[in-house]
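Peer 1: Sending over a structure as structure tokens; questions will come in a sec.
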Amino acid sequence: MNTPTKVAWDTKIAVILRDDLEVWQKLNVTAFATSGIAATVDGVVGEPYVDGDGTKYLPMYRQPVLIFSTDAARMKTIHERALRRDVIVAVYPEAIFETNNDEDNRATIADVPTDQLVLAGIAVRGDKREVDKVVRGATMHS
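Per the numbering used here, the very first residue in the sequence shown carries number 1; after that it's consecutive.
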């Protein structure tokens, strides 16, 4: 096995989850919110994986995804910071837990003003210093 090469990332991907969610909801928010980053950021996903038998697997992120947790009040603050900073943002409104298709998912926020969104979580990506400022006050999820 090769010795891993230590990489210093100049960008960071972070998911911030509301701390009152059920475990299945936290996992769902993480998967959905980060999919927007994977789908839109060039170079964020690496090469496909291939095992020793030649079986191919899908590529994954090239860098770690850090998961944070916070309460609803700080989630609003973090969301506001994310919108003011030079990061990209994916939101997961709480209302999506009641829908089952993409069109209805997007409709959950279509008529809701930004400052009134009730978010279960968000995902952000950007310069690591900017992301650190966005997530300030949230704790690493355990």
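No residue lacks a Cβ here, since even glycine has one placed at the ideal position from N, Cα and C. Here the structure is a predicted model, which means the values were calculated and not measured.
1. Am I right that G126 and A33 are in contact with their C-beta atoms under 8 Å? What's the rounded C-beta distance?
2. Keeping to the same chain, check which residues put their C-beta closer than 8 Å to that of T70; ignore five residues upstream and five downstream.
3. Below 8 Å, can you find three or more Cβ-Cβ pairs linking the segment 30-48 to the segment 84-94?
4. Going residue by residue through the segment 51-134, where are the continuous alpha helix (DSSP H) segments of at least 4 residues, counting only ones entirely within it?
5. Just curious, the alpha helix (DSSP H) that K155 is in, first and last residue?
6. Using 10 angstroms around the beta-carbon of R74, count the other beta-carbons present and answer buried if the total reaches 16, otherwise exposed.
7. Taking the alpha-carbon positions, what's the V44 to D111 distance?
8. Measuring straight from C-alpha to C-alpha, what distance separates A107 and T55?
9. Per DSSP, what kind of secondary structure is K12 in: helix, strand or coil?
10. Y57 and P48 look like a contact to me (Cβ under 8 Å); what is the Cβ gap, rounded to whole Å?
11. Flag this pair as yes or no: are the beta carbons of E22 and R85 separated by less than 9 Å?
12. Hey, would you say V134 sits closer than 9 Å to V65, going by beta carbons?
13. Are I67 and I37 close, meaning C-beta to C-beta below 9 Å?
Peer 2: From the atom records:
1. As a first step, residue 126 is located in the sequence shown; it is residue number 126 there, counting from the start. As a first step, residue 33 is located in the sequence shown; it is residue number 33 there, counting from the start. At roughly 14 Å, the Cβ-Cβ gap does not stay under 8 Å, so G126 and A33 are not in contact.
2. Here the question's residue 70 lines up with position 70 in the sequence shown. Excluding sequence neighbours, T70 sits near I16, L17, R18, D19, I78, G137, A138 and T139.
3. Judged by pairs of C-beta atoms under 8 Å, the segment 30-48 touches the segment 84-94, as three or more such pairs exist.
4. List check, alpha helix (DSSP H) in window: 72-84 and 102-110.
5. Not covered by the structure: residue 155. The range shown for the chain is 1 to 142.
6. Within the sequence shown, residue 74 is the residue found at index 74, counting from 1. By the 10 Å Cβ count, R74 comes out buried.
7. Along the sequence shown, read from residue 1 onward, the residue named residue 44 stands at position 44. Along the sequence shown, read from residue 1 onward, the residue named residue 111 stands at position 111. The alpha-carbon of V44 is positioned some 31 Å away from that of D111.
8. In the sequence shown, the residue the question calls residue 107 occupies position 107. In the sequence shown, the residue the question calls residue 55 occupies position 55. Rounded to the nearest whole angstrom, the C-alpha separation of A107 and T55 is 39 Å.
9. Walking along the sequence shown from the start, residue 12 turns up at place 12. When secondary structure is reduced to three states using DSSP, K12 falls in the strand class.
10. Residue numbering aside, residue 57 sits at position 57 when the sequence shown is read from its first letter. Residue numbering aside, residue 48 sits at position 48 when the sequence shown is read from its first letter. Y57 to P48, Cβ: 6 Å. Contact.
11. Taking the first residue of the sequence shown as position 1, residue 22 is located at position 22. Taking the first residue of the sequence shown as position 1, residue 85 is located at position 85. Cβ atoms of E22 and R85: not closer than 9 Å.
12. Looking up residue 134 in the sequence shown gives position 134. Looking up residue 65 in the sequence shown gives position 65. For the 9 Å CB-CB criterion, V134 and V65 do not form a contact.
13. For this step, residue 67 is matched to residue 67 along the sequence shown. For this step, residue 37 is matched to residue 37 along the sequence shown. No; because the gap between Cβ atoms is not below 9 Å, this pair is not in contact.
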